[in-house]
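Chains as they are written, first to last, in this note's numbering: chain A, 5 to 235; chain B, 5 to 235; chain C, 5 to 235; chain D, 5 to 235. Beneath this line is the structure, given in structure tokens, with notes to follow.
Protein chains: 4
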Amino acid sequence: MSRQDLALANRILANEGVVDAFGHVSLRHPDRPGHFLLSRSVSPELVTPDDIMVFGPDGQAADGDTRAPYLERFIHAAIYEQRPDVVAVVHSHAHDLIPFGVTGTEVRPLIHVAGPLGTVPVWDIADRFGETSLLVTNIEQGRDLAARLGSGRAVLMRGHGGVVVGDSLRAAVIMAVYLQVNAGLDLKARQLGPVRYLSDGEVELSFDAILAEVPARRAWDYFKRRVDTHA
Amino acid sequence: MSRQDLALANRILANEGVVDAFGHVSLRHPDRPGHFLLSRSVSPELVTPDDIMVFGPDGQAADGDTRAPYLERFIHAAIYEQRPDVVAVVHSHAHDLIPFGVTGTEVRPLIHVAGPLGTVPVWDIADRFGETSLLVTNIEQGRDLAARLGSGRAVLMRGHGGVVVGDSLRAAVIMAVYLQVNAGLDLKARQLGPVRYLSDGEVELSFDAILAEVPARRAWDYFKRRVDTHA
Amino acid sequence: MSRQDLALANRILANEGVVDAFGHVSLRHPDRPGHFLLSRSVSPELVTPDDIMVFGPDGQAADGDTRAPYLERFIHAAIYEQRPDVVAVVHSHAHDLIPFGVTGTEVRPLIHVAGPLGTVPVWDIADRFGETSLLVTNIEQGRDLAARLGSGRAVLMRGHGGVVVGDSLRAAVIMAVYLQVNAGLDLKARQLGPVRYLSDGEVELSFDAILAEVPARRAWDYFKRRVDTHA
Amino acid sequence: MSRQDLALANRILANEGVVDAFGHVSLRHPDRPGHFLLSRSVSPELVTPDDIMVFGPDGQAADGDTRAPYLERFIHAAIYEQRPDVVAVVHSHAHDLIPFGVTGTEVRPLIHVAGPLGTVPVWDIADRFGETSLLVTNIEQGRDLAARLGSGRAVLMRGHGGVVVGDSLRAAVIMAVYLQVNAGLDLKARQLGPVRYLSDGEVELSFDAILAEVPARRAWDYFKRRVDTHA
């Protein structure tokens with residue numbers, strides 16, 4: 005995965021509505037331990053490979069790069085620190101996550117393509133940090149968020165959005181898309197009656213079905229095509 | 005109906021949101037008994053005539069074609085086996101079907117263009133096969149799904165999507181589009197009060213009104229135009 | 005208003021989702037009493053000026069035109085017959101009308117731009133004609149629908165769509181667009197509590213505000229622009 | 005900020021669905037006290053720099069400009085009169101505001117990007133002016149609306165839309181977009197249970213987070229890109 009792929013991931017997420025003016029996606033640096041790749045401060049829709057910067061474990065720009073970074077880069081720094089298995093992190097601004105976060109409602113998978121997410125908890129920055137702008141602006145806040153994520157694949161942020169992680173860039177992007185799809189459908193399903201969510205065993209078995217090489221590439225190619233035909 | 009038509013059906017279904025990265029559509033082979041045409045493993049949005057493969061009654065690729073097939077081709081194999089009247093099969097991933105499947109709610113036609121679907125039952129793979137990835141990955145699962153379809157035109161798959169069949173490619177595609185429209189509208193109508201669905205007699209009379217040569221061609225030309233102007 | 009305008013009206017209505025593969029719009033013939041202009045049987049999205057035919061008061065094609073007409077042209081014939089003030093008729097297939105029709109719920113204006121519609125009643129073809137395909141296929145059915153419309157501007161058709169009339173082509177098109185907008189918003193508003201609809205006096209005063217020359221032209225130009233930039 | 009920026013603001017608001025055929029956006033004149041810039045009567049989607057007119061404190065066109073103005077220019081005149089801190093005014097026709105206005109429901113921020121709006125009250129023109137077309141057509145009505153706005157950032161207009169103000173053109177546009185986003189999400193969130201809205205302290209802290217130079221420019225560039233790629 006290259007800077008080209010990360011730039012494409014930005015545009016895919018914008019095109020699918022996972023991010024809007026805000027939100028971002030990062031990639032663990034393939035060679036430099038504890039470092040990660042993340043765009044400078046610009047909307048994901050506009051990110052090009054040249055916008056990608058390198059950040060260190062403390063969330064500070066590496067190599068003397070003085071371009072303006074995202075204020076919330078600490079989300080990424082803290083998760084790469086606590087989760088060695090994570091290769092990519094999406095900070096989602098998907099609108100359909102908001103109703104769940106602000107009502108303290110976990111998102112649970114009801115559609116097989118969202119199965120790998122398992123149960124997605126809600127993190128409220130106010131629980132530990134009181135009144136803030138709701139933004140994650142330092143490493144302590146990032147670590148608190150990462151702790152709520154735990155060993156999971158996603159976590160909601162109350163009144164803000166959420167985070168989705170993956171062991172590959174594709175996995176993180178695909179799961180970020182289907183988290184919002186699943187949330188939107190759960191709202192509708194509840195209108196009809198009690199919902200049967202995926203069982204633990206079904207969640208377990210869904211990993212390969214959606215995130216193995218073949219289906220993940222198929223989904224990625226599909227999202228890429230949509231970027232190409234929209235633009 | 006040719007491979008060109010089948011490729012176009014793929015693009016129509018993608019453009020109307022019936023399929024996304026996943027889902028597919030097949031056509032009974034016009035000349036080889038028990039065989040059917042289906043794309044290799046690629047998202048419907050990207051299917052071209054050259055992607056179409058031939059499969060035998062057992063769901064295995066014919067003519068030594070070694071390209072990667074869809075894992076779920078057994079949906080098609082089992083239905084062509086049990087339903088000699090069926091000429092085309094759509095495996096729908098339409099989002100609006102999900103709320104009904106996960107709550108065990110049948111879809112019933114409330115709009116005349118969805119009349120030919122009649123009452124659409126829900127199939128839950130877990131009833132007979134326990135915990136799975138929710139994918140139909142062998143002929144036994146396909147046959148169980150086909151049994152639930154029975155002599156009907158459509159069946160929902162819990163947490164996954166659904167299947168729509170037709171005695172022509174156009175009929176299957178048009179009904180797959182209107183199944184999702186009808187499902188979405190039923191969710192809204194229930195908010196207003198008890199819904200008057202089409203009566204059995206109205207369902208019967210709706211067949212010609214929507215699936216006769218003239219209206220079916222009109223709908224097909226319309227969906228085709230939308231593909232052309234979107235791309 | 006010319007055939008060019010009527011063709012444009014077709015494309016506007018398709019672009020705004022008032023019609024899909026089905027539905028149509030007609031114009032009273034400016035010179036021939038009791039006659040009206042309506043496209044041959046083709047989806048509104050595809051209508052060009054050359055597709056426009058002339059029909060007589062009985063709903064039959066005039067001038068020996070043998071092209072296939074819409075089955076439901078009797079909707080238009082009956083309304084022009086009973087309503088001398090009506091200059092244009094839209095047969096709407098707007099999806100958001102369906103929940104109201106199938107629950108027997110009148111649409112009442114809650115947004116000022118829909119004010120001129122007043123209260124929109126529901127017509128159920130089954131009340132007088134029993135089980136049908138829900139299509140209006142003869143002049144008796146058309147007259148029954150026109151009677152339900154009465155002196156109003158719109159009427160819903162259960163499980164099918166609706167009709168919107170106007171004293172100009174622009175008025176009918178604009179009101180058809182805002183009928184669907186109003187219906188969709190009413191569904192949402194009811195979730196929040198009792199709705200304050202426009203009073204009778206507000207309805208009366210809304211006519212000039214939205215349908216006078218200046219605002220009607222502004223709306224028409226806007227819808228035309230959307231057709232131009234979408235195509 | 006120039007006429008070019010104001011024309012772009014018009015197109016951004018149209019593209020994001022904040023305005024449709026109707027609605028408008030104005031800018032306080034940078035040099036002439038009490039005057040403001042506002043397009044002639046044309047839909048925002050079509051506004052070009054040449055359409056911008058200058059209006060005086062009484063809402064009358066300045067400099068002998070005889071082009072047809074918006075009927076509702078008094079909204080702007082009254083607000084600039086009462087609020088010296090306001091630099092730009094958006095008259096929103098965002099559909100998602102309607103359900104709140106017609107049920108007398110305040111909009112409260114639940115997503116951080118809408119935080120600066122604070123609590124948005126409802127103004128009903130009928131309270132003081134009785135039955136009208138719901139349009140603001142004179143300076144008295146404008147002043148009554150401005151009084152309801154008070155020192156706030158936004159106010160809903162029952163059955164019509166709303167107004168959003170800002171201390172810059174960007175701020176007004178961004179807040180107008182997020183007001184509709186927030187309203188739409190509140191409708192959904194209420195389905196899940198009691199909603200936790202932003203606290204007063206969180207509202208206070210959200211100003212810089214979303215409206216400071218860096219985030220405001222990022223949002224503006226994003227909305228501009230969407231206009232460019234859509235057109």
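Built from N, CA and C at the ideal position, the CB exists for glycine as well. None of these values were measured; they are calculated from a predicted model.
- DSSP places C/SER210 in the helix class (H, G or I) of the three-state scheme.
- Chain-ordered listing is empty here: chain A has no CB closer than 7 Å to the CB of B/LEU31, the nearest sitting near 21 Å.
- Around the beta carbon of A/HIS80, 16 or more other beta carbons sit within 10 angstroms, so the residue counts as buried.
- For chain D, the residues of the segment 85 to 102 of chain A that bring a beta carbon within less than 7 Å of one of its beta carbons are HIS99, ILE102, in chain order.
- Going by DSSP, C/GLY188 is part of the alpha helix (DSSP H) stretching over 173 to 193.
- For A/GLU76, no CB of chain B lies under 9 Å from its own CB, so it is not counted at the interface with that chain.
- Among the residues of the segment 147 to 171 of chain C, those with a Cβ less than 8 Å away from any Cβ of chain B are ARG162, GLY163, HIS164, in the order of the chain.
- Under the Cβ distance rule, C/SER47 counts among the residues neighbouring chain B, one pair being separated by less than 9 Å.
- Chain A has no Cβ within less than 9 Å of the Cβ of D/THR109.
- Taking the Cβ atoms as the reference, C/ARG32 lies roughly 5 Å from C/VAL91, within the contact range of under 8 Å.
- In the displayed model, B/PHE40 falls within a strand according to three-state DSSP.
- Proximity of chain A to B/ARG194 at the Cβ level (cut-off 9 Å) is accounted for by GLN195, LEU196, in chain order.
- Nearest C-alpha to A/VAL177 among A/ILE16, A/PRO48, A/GLN8: A/ILE16.
- The C-alpha of B/PRO37 lies about 12 Å from the C-alpha of B/VAL58.
- Ranking D/ASP24, D/ALA216, D/LEU50, D/TRP127 by CA distance to the CA of D/LEU10 puts D/LEU50 first.
- Burial of D/VAL169 is indicated by the presence of at least 16 other C-beta atoms within 10 angstroms of its C-beta.
- DSSP places C/ILE129 in no beta strand (DSSP E); its state is neither H nor E.
- The beta-carbon of A/VAL218 is placed less than 9 Å from the nearest beta-carbon of chain B.
- Just so you know, the alpha carbons of C/ALA130 and C/ASP225 end up roughly 39 Å apart.
- Bounds of the beta strand (DSSP E) holding B/ARG32 are 28 to 32.
- When DSSP assignments are scanned along the segment 94 to 156 of chain C, the uninterrupted stretches of alpha helix (DSSP H) that are 4 or more residues long and fall wholly within it turn out to be 102 to 106, 130 to 133, 143 to 153.
- Contact check for D/HIS97 against D/GLY188 fails: the beta carbons are separated by 9 Å or more.
- The continuous beta strand (DSSP E) containing B/VAL159 extends over residues 158 to 161.
- Burial is judged here by how many other beta carbons sit within 10 angstroms of a residue's own beta carbon; A/GLY119 has at least 16 and is buried.
- For the segment 116 to 131 of chain C, the residues whose beta carbon sits under 8 Å from a beta carbon of chain D are, in order, HIS116, VAL117, GLY119.
- Per DSSP, A/VAL167 is one residue of the beta strand (DSSP E) stretching across 165 to 170.
- For B/VAL199, the chain C residues whose C-beta falls within less than 7 Å of its own C-beta are VAL106, THR107, listed in chain order.
- Scanning chain A for C-beta atoms nearer than 8 Å to the C-beta of B/ALA72 yields VAL218, reported in chain order.
- For C/GLY60, the closest C-alpha among the options C/ASP54, C/ILE214, C/PRO73 is that of C/PRO73.
- The Cβ-Cβ distance between A/HIS99 and A/VAL29 does not fall below 9 Å.
- In terms of CA proximity to A/ASP69, A/ASP54 leads the group A/ASP54, A/ASP171, A/ILE83.
- Residue pairing for A/ILE56: DSSP places it in a beta bridge opposite A/SER43.
- Pairwise C-beta distances place the segment 106 to 117 of chain C in contact with the segment 197 to 208 of chain B, as three or more of them are shorter than 8 Å.
- Distance from the CA atom of A/ARG112 to the CA atom of A/LEU202, rounded to whole angstroms, is 8 Å.
- Exclusion of the five residues before and after B/PHE211 leaves GLY119, PRO120 as the residues of its chain whose Cβ lies within less than 8 Å of its Cβ.
- Residue environment for D/ALA151: exposed (fewer than 16 other C-beta atoms within 10 angstroms of its C-beta).
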